[in-house]
Amino acid sequence: MQTVMEIEDAIGQLPDEELFRLIERLENKAGDVWDRQFENDVRAGLLDSIAQRAIQEHRAGQSTIFSQDAK
Numbered sequence: 001m002q003t004v005m006e007i008e009d010a011i012g013q014l015p016d017e018e019l020f021r022l023i024e025r026l027e028n029k030a031g032d033v034w035d036r037q038f039e040n041d042v043r044a045g046l047l048d049s050i051a052q053r054a055i056q057e058h059r060a061g062q063s064t065i066f067s068q069d070a071k
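First residue of the sequence shown: 1, per my numbering; consecutive thereafter.
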């Protein structure tokens, strides 16, 4: 497998069109990785305390309902 430096050098030689295509693919890949990690964290209960705190604050009237019209 190539090193990161070799990959960076190869990227630096790409024509703009190819670079933009690579960027799009990497952004999609990063999104997929993030989604998978988030799902794993939820399943592992790592967000339970955050969710419980949000529910408690909402029940205590400490939350704000966002309007769909707000921009």
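Each residue gets a CB set at the ideal place from its N, CA and C atoms; glycine is no exception.
A direct Cα-to-Cα measurement between Q37 and R53 gives close to 22 Å.
Annotation for F66: no alpha helix (DSSP H) segment contains it, and DSSP assigns it neither H nor E. Note that the C-beta distance between L19 and I11 is below 8 Å.
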